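One structure below.
Residue numbers (UniProt numbering): 1 to 249.
Given below as C-alpha cells:
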C-alpha cells in the first residue's frame, strides 16, 4: 500500500529536473500523476513512460501556466483522466530565461501560482495538500541579499509565496493545507546553471558556505515527502543550508 493510493497529483513544471523526480516519487507512492510541460512534450512523455513502466499511472499535459487556458487545462486533466485531485505541487518557476517579456518572472512565479491554485481548489476534497516549492534565496530575500542576477526571480518567487499565504484562511475553510518547501541552490538545475553562467563561481561559493548542496533527486525526495507529511498548514520545510540565512525570517 502506498501513501497516495487512489489519489491524484498535479506537478507543475515536471517534464525535467525536480518536478520530474517528484512526479516519479509520488507515482511510486500510488498516486496517478499529471505531468505538466510548457513546450518539451518528448521530455514529459519520457517521464510518463518511466512511471508507467514502473507500474504507475500518469499523463502528460502541455499547458502554459501564465495563461488562463493553460491553468484550466491542467486542472481539468486531473478530473478527466483520473477522476480526482488531491495533491497540487507548485514546482514550475523561471524568469532567468532569455527573450521573455520584462514581467515574465512575476507572471509565472506569482500570478500563475495563484491562478493554478484557484483553478484546483474547487476540485480538491477536504484533506488535500498543496506544496509550493521555493528557494532560500527567494524565501529570505527581504533579509539576506542574493546575487543581482537572481534578485528579480527571487523577489517574484517571494511575492508568489506571500500571495499563496494570504489564501491560507480560505484553504483552511475547505480543509486544504498548504506547505512551503524552501531549498538551497540545487546541483544541476537550470537555475543553478544559468546563475553560474552569469556569475561564474557562484555555485562553488554557495557549496563552500553550506558545506553541501542537495542533488535534484535528494531535493525532490524532500518535496515529495511534504505531500503527505503530518505538518500544519502554512508550515515551511527548510531543506539544507538554511541556518546561513537565519531561519526565523
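The C-beta atom is built at its ideal place from N, Cα and C for all residues, glycine as well.
Please read all numbers here as calculations on a predicted model, not as lab measurements.
Could you tell me if residue i is buried or exposed, where buried requires 16 or more neighbouring beta carbons within 10 angstroms of its beta carbon?
i: residue 52; result: exposed
i: residue 40; result: exposed
i: residue 197; result: exposed
i: residue 172; result: exposed
i: residue 249; result: The pLDDT assigned to residue 249 is 45, lower than 50, so where the model puts this residue is not dependable; a value taken from the coordinates is nonetheless given after this. Residue 249 should be labelled exposed.
i: residue 102; result: exposed
i: residue 79; result: exposed
i: residue 8; result: buried
What is the DSSP secondary structure of residue i, counted as helix, strand or coil?
i: residue 236; result: strand
i: residue 182; result: strand
i: residue 171; result: helix
i: residue 53; result: helix
i: residue 215; result: strand
i: residue 65; result: coil
i: residue 97; result: coil
i: residue 177; result: strand
i: residue 85; result: coil
i: residue 4; result: coil
Does the distance from the CB of residue i to the CB of residue j come in under 7 Å?
i: residue 18; j: residue 239; result: no
i: residue 219; j: residue 183; result: yes
i: residue 133; j: residue 154; result: no
i: residue 177; j: residue 233; result: yes
i: residue 108; j: residue 94; result: yes
Which residue marks the beginning of the beta strand (DSSP E) containing residue i, and which one marks its end?
i: residue 129; result: 129-135
i: residue 36; result: 32-37
i: residue 9; result: 8-11
Tell me the residue span of the alpha helix (DSSP H) that contains residue i.
i: residue 16; result: Residue 16 -> no alpha helix (DSSP H), and no H or E assigned at all.
i: residue 210; result: 202-210
Exercise. Evaluate the contact criterion for the stretch 126-134 versus the stretch 84-92: three or more CB pairs, one atom per stretch, below 8 Å.
Key: Cβ pair count under 8 Å is three or more, so yes.
Quiz prompt | Meets three-Cβ-pair contact criterion under 8 Å: the stretch 58-74 and the stretch 26-46 | solution = Between the stretch 58-74 and the stretch 26-46 there are three or more inter-stretch CB-CB distances shorter than 8 Å, so the stretches are counted as touching.
Practice problem: Could you say if the stretch 70-80 and the stretch 107-121 meet the contact criterion of at least three C-beta pairs nearer than 8 Å? | Solution: Yes, since at least three Cβ pairs between the stretch 70-80 and the stretch 107-121 fall closer than 8 Å, the two stretches touch.
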